[in-house]
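Each remark here refers to the structure printed beneath this line.
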Amino acid sequence: MSPPIRFEMRRRTFLVGSASAIVAANIPWRANAQPTSLVGPDNSTVTLVVNGEARGLAIDNRTTLLDALREHLHLTGTKKGCDHGQCGACTVSVNGERINSCLSLAVMHEGDEVTTIEGLGTPQQLDPMQQAFVDHDGFQCGYCTPGQICSAKAVLQEIRDNVPSHVTRDLTATIEASDEEIRERMSGNICRCGAYANILEAIHQASGAQV
Amino acid sequence: MDFNQPADQNLFDRATVVGKPHARVDGVLKVTGKAPYAYERHDVVAGQLYGYPVGAAIAKGRITGIDASAARSAPGVRGVVTTLEIEPLGIWDYNVARLFGGDVVEHYQQAIAVVVAESFEQARAAAALLEVSYDRDKVDVDLEAGWERVRGTGEPSTLVGDVDAAFQSAAVTLDEIYHTPSHTHAMMEPHASIVDWSDGDQMTVWTSSQMIEWNRQALATNFGIDPDRIRVESPFIGGGFGGKLWLRADAVLAAIGSRAVGAPVKMALPRPFMINNTTHRSATIQRIRLAADADGKLTAIDHEAASHTLPGGRGENATAQTPFFYAAANRRVIHHLVEMHLPEASDMRAPGETSGLMALEIAMDEMAEKLGMDPVEFRIRNDTQVNPSDPAIPFSERHYVECLREGANRFGWSDRNTTPGGRREGMWLIGHGVAGAYRGHLNLKSGARATLSNGRLVIETDMTDIGTGSYTILTQTAAETMGLPMGRVEVRLGNSAWPVSSGSGGQFGASSSTAGVYAACVALREKIGERLGLQNPEFRDGNVIGNGEVTPLSEIAGEFSAEDSMNFGEFQSKDYLMATFGAHFVEVGVHVATGETRVRRMLAVCDAGRILNPITARSQVIGGMVMGTGGALSEELAVDLEHGFFANHDLASYEVAVHADIPHQEVIFLDTLDNVATPLKSKGVGELGLCGVAAAIANAAYNATGIRVRQYPLTLDRMIDQLPEV
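If you read the sequences in order, they're chains H and U. Going by UniProt numbering, the first sequence opens with residue 1, and the numbers climb by one from there. Going by UniProt numbering, the second sequence opens with residue 1, and the numbers climb by one from there.
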């Protein structure tokens, strides 16, 4: 499932993005401070705000956001399952919305706030959604798990924001976090081990805990 | 330790840890993204380069030339090795096609080159610059045509009684043909390896493998080197389902690349490359004939099946269960291999029984209907407690009837729809189906090392955890045996430096490896007892107890280490037949206008010996039910008959089940004990969970509509022209 279209949010994001681009263009250090070999027709610099921390990168223009995270920042919690938007293992949050990070080039994300699984919780202090996945055995091999958890967090937010899905029957009513709504919205995250029933229970638990 | 006779009462019958529901011990690592999978090991060796594979664009023939000059001079490229530059590599016992080397192409996307570059993007771009010319042979990859050639020929693998006479005198007979398509494992983590063979001497491999020792032996065979020069690590595996039993091109190409450029190389097989480059479950065509008397007792079973394989391979033996599952005095079983140059057919989760039961359990449903019997009762009437093809051999344990009765009771079978096409709710036709599950069980020798130091226990073994829960059940086993809390046990897996285990496959992993850890812990207990001068001490609550003294294990000075294996004796296969059993119950809705089938609820009852951890075992079974739902309704590798490859080689066009496809699922374990299997009295459950699921769905779809589909998957087009008027 593609992330739902959020017209209000999109417009705001676009304006913020445009404004920051203009500001950035007027800051002289960006163009001059980098070694010339790292910036050219094939490479660019980009600054991502990853899990709250600004991270400057000089990278190949072809590098996906996914590979920037995994290969350059060594944040390997985000997984590469298919590398072309079919499995959901690479799901991360960008400016509050979930995306498939394999379908997005890193250089498109100047100044964007990226939240990965590493930004949600640590082994010592789990996010309630992470704890719910442990409590309900919402995984087996664990490879799709970070993507499932990032998607699940976003799904609950989308439902709270009353963003409709394919299975929403009444567009004027308040959307509930029902089994049907959660299953539909999670269907872009494949789990070949087949933990879907447990993941559903985990999301309900986290939903009750007001993540 | 030798296991040469059935287990007596032992500590596992008084267990306080084994058999209890413990959360996965590696769960926290997985939910925080900290579990290190093969491609992510930035920490293990410096200077890793990126490899990218190139596959053959023909199914069969020879490569006449490869021009790699553009690739070699592309930005960032450190080396290119083509298959024409390498002598054909050795082929290990269970691989069929050569993994690399030489000019012969045996299947589409067989690896023919590796490009090594400083970045992934550079390697990928350069790989697209190779110019390859071929001398292409025509291929015949039509299983239907092959079936017509082989059917009725050959020697049966099982032949009991007089099948033809039984059919002539039977009150009721059935004779139908069933089709199952090829399936791909589609595990979420692609095959991936980092290999450091920089100096051409020691080779270190960080990979994603179900079988560490087989991986090491296969690498040694491929490269003609001593296995002692190879170390393999695979602590976390992102799913396997049989696809990672065997060495594949990722490790081989990374090793060649590393050797060529003198630096460590990492490679993951690109998803669209995986399905044709690696292995799959072969399609099958199966003719099943059943004969019964008027009371519903089967008098004859005749099962003839065909599957495809590369020359010299194993295919998919869909008759695997037929000699054993149901009673009948007369029986003929034969499996034909049709050789062709599709990619390599090999093992996928419950190889044999998965495809076999997809057909046999529809046939049983059809036969029950012909007899006018409840399909649950029909199966119960044909139960057997002995090997029906060799009645002197009993099943070690068999509770199939209890599975059916318990399932029927819990599912509400008595309230099912009994008239096919007779129950409608709005636009949905509602149906109920049942199918039996059978999966043979075996154990493999399994070893481990147990080390106690300062009251903490470390278990080391080359066993793997492919999501099955090995870390957790081995921790439980060691804790139980040593009388320690689980928090004081650390289990280390997936390293060839440690004792060889069963590995993970064929649903032998859990029972074999827990027995191996038990053996190592018993050896450790003996060492500690000797040191303290105690005869048969007791290990309980963190203490060793004997001669009236209680000594905390944490107060024993020094380090104790013991290594042992569990060796399973011949009696298991000579005196008994070991297997696991189950029953699946399903409710579906079929849309009256479109023919779309939706699964509404699922229930499985399993008889698989002691359940070592009901949480992880249940996850295995519901996972099997999910895979079976895909197998019933959507999974099919589509064959390009002209060019000889699977056309839908990605996760958008090969459709596995997703969240929206899966309803509420219920699993019941009978928690039987099998003394013959291991000292823990457990058997496998991970493959059992898949067996029979698809047939239960197909039977429910028939019950909903009255339309019998004998060709998987049950897509809309196979029903829509026969649905009632809207």
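The C-beta atom is built at its ideal place from N, Cα and C for all residues, glycine as well. Only a predicted model underlies this, so the values are computations on that prediction, with no experimental measurement involved.
Contact between V605 (chain U) and R598 (chain U) is ruled out by a C-beta separation of about 23 Å, above the 8 Å threshold.
The Cβ neighbour count for Q5 (chain U), taken over all protein chains shown within 10 Å, is under 16; the residue is labelled exposed. Sequence-distant partners of T47 (chain H) (beyond 5 residues in either direction) whose C-beta falls short of 6 Å from its own C-beta, in its chain, are A54, G56.
For V232 (chain U), the CB contacts under 6 Å within the same chain, skipping 5 residues up- and downstream, are V205, I212, N215, R216, S496 in chain order.
In this structure, the straight-line span from the alpha carbon of P156 (chain U) to that of E563 (chain U) is close to 45 Å. Under the criterion of beta carbons closer than 8 Å, I256 (chain U) and V114 (chain U) qualify as touching, at roughly 6 Å. The beta carbon of C141 (chain H) sits closer than 6 Å to the beta carbons of C193 from its chain, once the five residues preceding and following it are set aside; these are given in chain order.
By DSSP's assignment, S307 (chain U) forms a beta bridge with U:T284, U:L337. Per the DSSP secondary-structure output, T580 (chain U) pairs in a beta bridge with U:R439. For N100 (chain H), there is no enclosing alpha helix (DSSP H); the enclosing beta strand (DSSP E) has its first and last residue at 97 to 100. In the structure shown, E725 (chain U) falls within a coil segment according to DSSP collapsed to helix, strand and coil.
Here the alpha carbon of T184 (chain U) sits roughly 47 Å from the alpha carbon of D541 (chain U).
The region 527 to 540 of chain U makes no contact with the region 468 to 476 of chain U: fewer than 3 CB pairs, one atom from each, lie closer than 8 Å. With its beta carbon at least 8 Å from every one in chain H, E687 (chain U) lies outside the interface. Membership of E40 (chain U) in any beta strand (DSSP E) is not indicated, and neither H nor E is assigned to it by DSSP. Sequence-ordered contacts of the region 197 to 209 of chain H with chain U read A197, N198, I199, L200 [C-beta pairs closer than 8 Å]. Going by beta carbons, T83 (chain U) and I112 (chain U) fall inside the 8 Å limit. Under the criterion of beta carbons closer than 8 Å, A345 (chain U) and E316 (chain U) qualify as touching, at roughly 6 Å. A contact is defined here as three or more CB-CB pairs under 8 Å, and the region 612 to 627 of chain U meets this definition with respect to the region 683 to 691 of chain U. In the structure shown, the three-state DSSP call for K266 (chain U) is strand.
With respect to the C-alpha of V167 (chain H), the residue from U:A660, U:N648, U:A583, U:G684 having the closest C-alpha is U:A660.
In this chain, the beta strand (DSSP E) harbouring I112 (chain U) covers 111 to 117.
Within the region 516 to 599 of chain U, the complete beta strand (DSSP E) runs of at least 3 residues fall at 538 to 540, 543 to 546, 549 to 552, 559 to 568, 579 to 591.
Interface flag for D137 (chain H) against chain U is set, since a Cβ pair is found closer than 8 Å.
For the pair L553 (chain U) and A478 (chain U), the Cα-to-Cα distance works out to about 14 Å. Taking L11 (chain U) as reference, the option from U:C521, U:E642, U:E549 with the minimal CA-CA separation is U:C521.
Each residue's CA atom was taken as its position, placing E339 (chain U) and E180 (chain H) some 46 Å apart. Per DSSP, the unbroken alpha helix (DSSP H) holding L633 (chain U) starts and ends at 614 to 633.
Less than 8 Å divides the Cβ of K297 (chain U) from the Cβ of R381 (chain U). Among the residues of the region 260 to 275 of chain U, those with a Cβ less than 9 Å away from any Cβ of chain H are A268, P270, R271, P272, in the order of the chain. Between the alpha carbons of N162 (chain H) and A177 (chain H) lies a distance of about 10 Å. DSSP places V150 (chain U) in no beta strand (DSSP E) but in the uninterrupted alpha helix (DSSP H) bounded by 143 to 150. Counting along the chain, the unbroken beta strand (DSSP E) around S453 (chain U) starts and ends at 446 to 453.
Rounded to whole angstroms, the gap between the alpha carbons of S282 (chain U) and S182 (chain U) is 5 Å.
Straight-line spacing of the CA atoms in Q168 (chain U) and G609 (chain U) works out to 40 Å. Under the three-state reduction of DSSP, D640 (chain U) is assigned to strand.
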